[in-house]
Structures are given as C-alpha cells and as structure tokens.
Amino acid sequence: MTLVQAMQTALPSVQAGDSLTAAAERMRDGGCVALPVVDDQGDVIGTLSVQDLAYRLGNAAAPTEDKVGALIRPDPVCCPPETPLEEVAELISRQRQPAVLVKAPQGPILGMVDIFQILDALTPPQAAAGPVPDYVQRVRGEA
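Here you go:
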C-alpha cells in the first residue's frame, strides 16, 4: 500500500478564529486526529492536534470561549505523496504528532495520514493460525 492509498483526502479544516468547540466537532465528524488551520485564502498556516485540544479543554477555565489560534502549531509536519509509509511512521514518531499533511512541494494539501492509518497499511492481514482443530474436523464430518 502507498501513502496516497492510505491517506484521508476528504479533509475538514479550521481557521484561527474558529472556536475550539467547533474544531472538536469537525475532528469528531471527520474522524481526524488533527486538522489543518488555514487562512482566508485556504493556505495552511498550521495544525491543531487532538492532544492540544484535549489538554486545553481539560485545563482551561472557560475552554469553549478559546479560539483555534491560541493552540495553533505554526510549522505543520508535511511530506510529499511519494514518501514511503515507513518514513512517514518515523516522521510521526520523531515529530510527536498524530498525523502528517500530505502535499506536493509548493502545492495544495492532498490529504492527511495519521498513525492509525499508517499502522493499518503496514500490518499484514491476520489469518487463522495453525491447523484446524480435531473437534472442528469431526463436527464438519472431515475426520
């Protein structure tokens, strides 16, 4: 499987002036662990991760009044679409981010891939282990 096959392409985004509550709803509805933060022209200016959001919602006096701009990470972690999945997993680990934006150099965002999608893509499907037990063969009439 390639990065392009593993990534999520229907990607919601938020703006710095959006509320944290709205960002949390977009994450939940989009099944995302991070969101790109965009400006009025749609250019990425940062990211908002679920960890940052959870920490703020759990530790602020009035978190629902806070804005995304207060938590933005201004240097989003990105990689080109041809990056091998193993390298993306290393990048996620090194940067301690739950997801990486996938974009072509000087191009728009193509999608995002999170650690769970990478693990699914790198893990071979599980098959039944070992021979069929004797009692199963007897029930089937095979023994």
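For the working numbering, count along the sequence shown from 1 and bump the result up by 73.
Idealized CB from N, CA, C, for every residue including glycine.
Counting along the chain, the unbroken alpha helix (DSSP H) around D207 starts and ends at D207 to R213. When secondary structure is reduced to three states using DSSP, M185 falls in the strand class.
In this chain, the beta strand (DSSP E) harbouring G119 covers V117 to S122. Annotation for V173: the continuous beta strand (DSSP E) segment containing it runs A172 to K176. Bounds of any beta strand (DSSP E) do not take in A89, whose DSSP letter is neither H nor E.
G119 has its alpha-carbon roughly 17 Å from the corresponding atom of A95. For Q81, the three-state secondary structure derived from DSSP is strand. Just so you know, the alpha carbons of L192 and D125 end up roughly 22 Å apart. V110: member of the beta strand (DSSP E) spanning A107 to V111, first to last residue. Residues of the same chain with a CB within less than 8 Å of the CB of D139, apart from the 5 flanking positions on each side, are S92, L93, R129 and A133 in chain order. For I165, the closest of D113, V111, G104 and F189 by C-alpha to C-alpha distance is F189.
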